[in-house]
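There are 2 protein chains.
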Amino acid sequence: MSQAKIPHDLLIKIVKEKHELIPKIMKEKGIDCWLIFARETSVNPDPIMNQVIGGDVVWKSSFVFAFEGEKFTKSAIVGDFDALAEERKGIWDVVIPYKEGISAPMKELFQRIKPSKIALNYSEDDVVSDGLSHGMFLKLISILSDKKDLFISAAPLIQAIRGRKTKTELELVTKACELTEEINHKMTKLIKTGMNETEIQNLFHDEMDKRNVVEAWQRVSCPAIDAGPDKEYGHVGPLPNSKTKKGHILHNDFGVKFSGYCSDLQRIWFFGSEDEIPEELTHAFKTVHGAITKAAECIKPGVTGFSVDKVARDYVKSQGYEEYAHALGHQLGTNAHDGGLLLGPLWERYGDIPKGIVEEGNIFTLELYVKTKNYGMVSLEEDIVVTKDGCRFLVPRCDKFITIEDT
Amino acid sequence: MSQAKIPHDLLIKIVKEKHELIPKIMKEKGIDCWLIFARETSVNPDPIMNQVIGGDVVWKSSFVFAFEGEKFTKSAIVGDFDALAEERKGIWDVVIPYKEGISAPMKELFQRIKPSKIALNYSEDDVVSDGLSHGMFLKLISILSDKKDLFISAAPLIQAIRGRKTKTELELVTKACELTEEINHKMTKLIKTGMNETEIQNLFHDEMDKRNVVEAWQRVSCPAIDAGPDKEYGHVGPLPNSKTKKGHILHNDFGVKFSGYCSDLQRIWFFGSEDEIPEELTHAFKTVHGAITKAAECIKPGVTGFSVDKVARDYVKSQGYEEYAHALGHQLGTNAHDGGLLLGPLWERYGDIPKGIVEEGNIFTLELYVKTKNYGMVSLEEDIVVTKDGCRFLVPRCDKFITIEDT
Chain E
-4 MSQAKIPHDL
6 LIKIVKEKHE
16 LIPKIMKEKG
26 IDCWLIFARE
36 TSVNPDPIMN
46 QVIGGDVVWK
56 SSFVFAFEGE
66 KFTKSAIVGD
76 FDALAEERKG
86 IWDVVIPYKE
96 GISAPMKELF
106 QRIKPSKIAL
116 NYSEDDVVSD
126 GLSHGMFLKL
136 ISILSDKKDL
146 FISAAPLIQA
156 IRGRKTKTEL
166 ELVTKACELT
176 EEINHKMTKL
186 IKTGMNETEI
196 QNLFHDEMDK
206 RNVVEAWQRV
216 SCPAIDAGPD
226 KEYGHVGPLP
236 NSKTKKGHIL
246 HNDFGVKFSG
256 YCSDLQRIWF
266 FGSEDEIPEE
276 LTHAFKTVHG
286 AITKAAECIK
296 PGVTGFSVDK
306 VARDYVKSQG
316 YEEYAHALGH
326 QLGTNAHDGG
336 LLLGPLWERY
346 GDIPKGIVEE
356 GNIFTLELYV
366 KTKNYGMVSL
376 EEDIVVTKDG
386 CRFLVPRCDK
396 FITIEDT
Chain R
-4 MSQAKIPHDL
6 LIKIVKEKHE
16 LIPKIMKEKG
26 IDCWLIFARE
36 TSVNPDPIMN
46 QVIGGDVVWK
56 SSFVFAFEGE
66 KFTKSAIVGD
76 FDALAEERKG
86 IWDVVIPYKE
96 GISAPMKELF
106 QRIKPSKIAL
116 NYSEDDVVSD
126 GLSHGMFLKL
136 ISILSDKKDL
146 FISAAPLIQA
156 IRGRKTKTEL
166 ELVTKACELT
176 EEINHKMTKL
186 IKTGMNETEI
196 QNLFHDEMDK
206 RNVVEAWQRV
216 SCPAIDAGPD
226 KEYGHVGPLP
236 NSKTKKGHIL
246 HNDFGVKFSG
256 YCSDLQRIWF
266 FGSEDEIPEE
276 LTHAFKTVHG
286 AITKAAECIK
296 PGVTGFSVDK
306 VARDYVKSQG
316 YEEYAHALGH
326 QLGTNAHDGG
336 LLLGPLWERY
346 GDIPKGIVEE
356 GNIFTLELYV
366 KTKNYGMVSL
376 EEDIVVTKDG
386 CRFLVPRCDK
396 FITIEDT
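For the protein sequence lines, the chains are E and R, in the order given.
Residue -4 is where the first sequence starts when you use the numbering used here, and the numbers rise one by one after that.
Residue -4 is where the second sequence starts when you use the numbering used here, and the numbers rise one by one after that.
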């Protein structure tokens, strides 16, 4: 069996860990009712479904977490063919199956629980809190027409549920990072000077296949392979005419999915001995490495996302480089870009997201590049977990150019 | 490499086939501008992206298909890191990269093309036409605030683009069906009387792994395995205490994904020789088989979805059985439930969807069950493609109980 997907039992274990958090976070955020309204989630998934529902539904389904006074209840209204699967999970107080339509049982449930607000999965800025489609929103307006003024965004709730990684989740992301580094280390032996990007990507794919793991993002650019000075990094596949060469560098951006959880690391190789690394590259590497160190030293629960980015960004500029054109870090989990708080600048593209607060248990990437004049971009990416008073790297950092000395 | 995912070159081939259709169908449906507005589609996919864009985007992206007078243009506005990947596909007239925010280039583009309407990916009833999230809809309202009255649903367009399978798509679904039947046939040799559902599902998973194909829906219920008389079918995993037994039946609902395209078939086994099959089962089988035959005889381009369902449903009732509690058929493609027109009854749960018109090139399942008193449910499912004047089964039908005579 592929190790890419999470086994059902392990998934339900994570769902139960998350269900422990839900009432606590709902109180914290002042939300008395959360409605997940979804259908055919294998075709059009809601990104939070897997962690709190633990699988897909076919027909229109309502999952309702609500405080009725002090009593906390969890209800699932699902098509009759989906009902048994929900019951067997053992996570619902009540499973209400329907045959012809979901309207009647939904109206009845909301009549009873009388919520002050109804939090829904939409957000302009945060993709993982935006699982409710617009068509389903319109459908909801027609079913709960007398309650539509109560609708609010569930984003603060979802971000906390998703961002506070459970013990099991942290183990899985760590394992994904370890496998990624295992493959990177193997590559140092397999890559030869003169290989082109396609050949190198194929070597990675072979090692992934041997370990039964899959790419953390689309395979055509996972790993992204960048050889030589002339390539802009980005979400693009290998170029067959880009070749490695003595005196040049090779960069990758690589993550695997293990039991449904992702890694995302960047490493950088130099073709030649350590003595042969030119000062221009050494300075660039030190800058990138130093910026990550500075960010890691300042990140802890309670700081804003943009303040962590700023420390790294200012350092890069102080060293005479143009600032990097992306955020310093994103969260990592079931997706390589796991949504929620970003360690990013306050640019239009990131909306209000970087204003959020770092929490214990968050897993972030720390990544940035600088551009050199003669060797192209120099870039690194590390994965960290936020601890009680700082952070911890999930696998040992890349502290210097990895050298390939076959010529 | 896993055969589950579509190779990039083949995907772009299909995208190009679909791009041939787009202006034609837009004219047919009277739509002069179609906007796909998406972000982080590996986390929160828009179901139509793969067929018309051919891959994921990270930052907010606008893909605009528009008639400017008689001139048809295709524009992609994407984050700068996504731009090279779009350019290399060779499917856009222009790729417009942005760094800090998408608003300015979007406003500029729409200022120029002056659409009469802007079709967006939302639909209350059709999941595959509902890829625009509510948060992204709100974002769009704020970016194109002066054009928000022009927004209409792109559902008629998307359903036709998705439903009219190209030559390449038909080949891939057919191959998925062939692999499914290859595994089903192998199972007839491997399944022994007395095995439980979990053991049987494991046998299927082993054969899938050997062939490097994955499940067409969630693995816990793919294949769904139903042994003996006491189980309601549905989206539920195997029950370890449900065992096969001489004189009983075994049913499965099984599909694989091959190069990104799905099969979805149901087969049924009897433990014993043909002579031993009781009349009650024979009659149930004939009814299910006959209902599928009647549906296949009446389906052709131009008929409504519900009329096809009705023929089968009426036949089942005429034979003295309770009607089946689902639609007779759904479309099949990149997803087992591929959205668009359903061959279903006019129940609340299906909305207006079954009122749509069958088109040449549509691939449908034909599936139904009847309940017997002593042997549980008897159910079959076949996959057909709609031809110019009728339909064709993609693989040979199941014409009788498959017997397992090991005792």
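Cβ atoms here follow ideal geometry from the backbone N, Cα and C, with glycine treated the same way.
{"Asked": "Residue closest to Phe396 of chain R, alpha-carbon to alpha-carbon, out of R:Ser268, R:Leu6 and R:Lys312", "Found": "R:Ser268"}
{"Asked": "Met(-4) of chain R, DSSP secondary structure in three states", "Found": "Note on Met(-4) of chain R: pLDDT 38, under 50, position unreliable in the model; no value is reported."}
{"Asked": "Paired residues, beta bridge with Val251 of chain E - DSSP", "Found": "E:Glu210"}
{"Asked": "Three CB pairs or more closer than 8 Å across the segment 299 to 314 of chain R and the segment 138 to 158 of chain R", "Found": "no"}
{"Asked": "Contacts that Gly126 of chain E makes with chain R (C-beta to C-beta distance below 8 Å)", "Found": "Asn39 and Ser128"}
{"Asked": "Chain-ordered residues of the segment 185 to 216 of chain R with a beta carbon less than 8 Å from chain E", "Found": "His200, Asp204, Val209, Trp212, Gln213, Arg214, Val215 and Ser216"}
{"Asked": "Residues near Ala80 of chain R by beta carbon distance below 8 Å, same chain, minus five either side", "Found": "Gly50"}
{"Asked": "Coil, strand or helix - Cys257 of chain E by DSSP", "Found": "strand"}
{"Asked": "C-beta contact flag for Lys289 of chain R and Tyr256 of chain R at 7 Å", "Found": "no"}
{"Asked": "Beta-carbon spacing of Val168 of chain R, Ile358 of chain R below 7 Å", "Found": "yes"}
{"Asked": "Paired residues, beta bridge with Cys386 of chain E - DSSP", "Found": "E:Val381"}
{"Asked": "Stretch-stretch touch, CB-based, cutoff 8 Å, three pairs: the segment 274 to 285 of chain R with the segment 246 to 254 of chain R", "Found": "no"}
{"Asked": "Whole-Å CB distance - Cys28 of chain E paired with Lys134 of chain E, under 8 Å assumed", "Found": "The Cβ separation is near 18 Å, so there is no contact."}
{"Asked": "Interface positions of the segment 326 to 352 of chain R facing chain E (Cβ-Cβ less than 7 Å), listed along the chain", "Found": "Asn330, His332, Gly334, Trp342, Glu343 and Arg344"}
{"Asked": "Of the residues E:Glu65, E:Ile48 and E:Ala219, the one placed nearest Ile72 of chain E, counting alpha carbons only", "Found": "E:Ile48"}
{"Asked": "Ala78 of chain R and Val90 of chain R closer than 7 Å at C-beta", "Found": "yes"}
{"Asked": "Segments of 3+ residues assigned as beta strand (DSSP E) that fall wholly inside the segment 169 to 225 of chain R", "Found": "219 to 222"}
{"Asked": "Under 8 Å from the C-beta of Glu227 of chain E: neighbouring residues of chain R", "Found": "Leu79"}
{"Asked": "Residue(s) in a DSSP beta bridge with Cys28 of chain E", "Found": "E:Ala61"}
{"Asked": "Beta-carbon proximity check, Ile108 of chain E vs Glu63 of chain E, cutoff 7 Å", "Found": "yes"}
{"Asked": "Own chain residues within Cβ distance below 8 Å of Lys8 of chain R, not counting five before or after", "Found": "Thr163"}
{"Asked": "Alpha carbon of Lys69 of chain R to alpha carbon of Glu15 of chain R, nearest angstrom", "Found": "12 Å"}
{"Asked": "Rounded separation between Asp476 of chain E and Leu152 of chain R - CA only", "Found": "What is shown of chain E runs -4 to 402, which leaves residue 476 of chain E out entirely."}
{"Asked": "Three-pair Cβ contact test at 8 Å for the segment 110 to 125 of chain E versus the segment 112 to 130 of chain R", "Found": "yes"}
{"Asked": "Interface partners of Lys134 of chain E on chain R, CB under 9 Å", "Found": "Glu119, Asp120 and Gly346"}
{"Asked": "Continuous alpha helix (DSSP H) stretch holding Phe396 of chain R: start and end", "Found": "Counting along the chain, Phe396 of chain R falls outside any alpha helix (DSSP H), and DSSP gives it neither H nor E."}
{"Asked": "Interface residues of the segment 49 to 80 of chain E facing chain R [CB-CB below 9 Å]", "Found": "Gly50, Asp51, Val52, Val53, Trp54, Lys55, Gly74, Asp75, Phe76, Asp77, Ala78, Leu79 and Ala80"}
{"Asked": "Beta carbon of Thr188 of chain R nearer than 7 Å to that of Thr402 of chain R", "Found": "yes"}
{"Asked": "6 Å CB neighbourhood of Ser56 of chain E in its chain, flanking five on each side removed", "Found": "Ala33 and Val73"}
{"Asked": "For Gln106 of chain R, three-class secondary structure by DSSP", "Found": "helix"}
{"Asked": "Contact with chain R by Pro42 of chain E, beta-carbon distance below 7 Å", "Found": "yes"}
{"Asked": "Distance between Asn236 of chain R and Ser(-3) of chain R (C-alpha atoms, nearest Å)", "Found": "Note that Ser(-3) of chain R has pLDDT 47, beneath the 50 cutoff, so the model's placement of it is unreliable and the number below is only indicative. Between Ser(-3) of chain R and Asn236 of chain R, the C-alpha separation is close to 33 Å."}
{"Asked": "Limits of the beta strand (DSSP E) - the one that Tyr364 of chain R falls within", "Found": "Ile358 to Thr367"}
{"Asked": "Bounding residues of the alpha helix (DSSP H) (the contiguous stretch that carries Leu127 of chain R)", "Found": "No alpha helix (DSSP H) contains Leu127 of chain R, which DSSP labels as neither H nor E."}
{"Asked": "Beta-carbon gap between Gln261 of chain R and Ser374 of chain R smaller than 7 Å", "Found": "yes"}
{"Asked": "Nearest neighbour of Thr367 of chain E, chosen from E:Asp333, E:Glu173, E:Gln106 and E:His278 [CA to CA]", "Found": "E:His278"}
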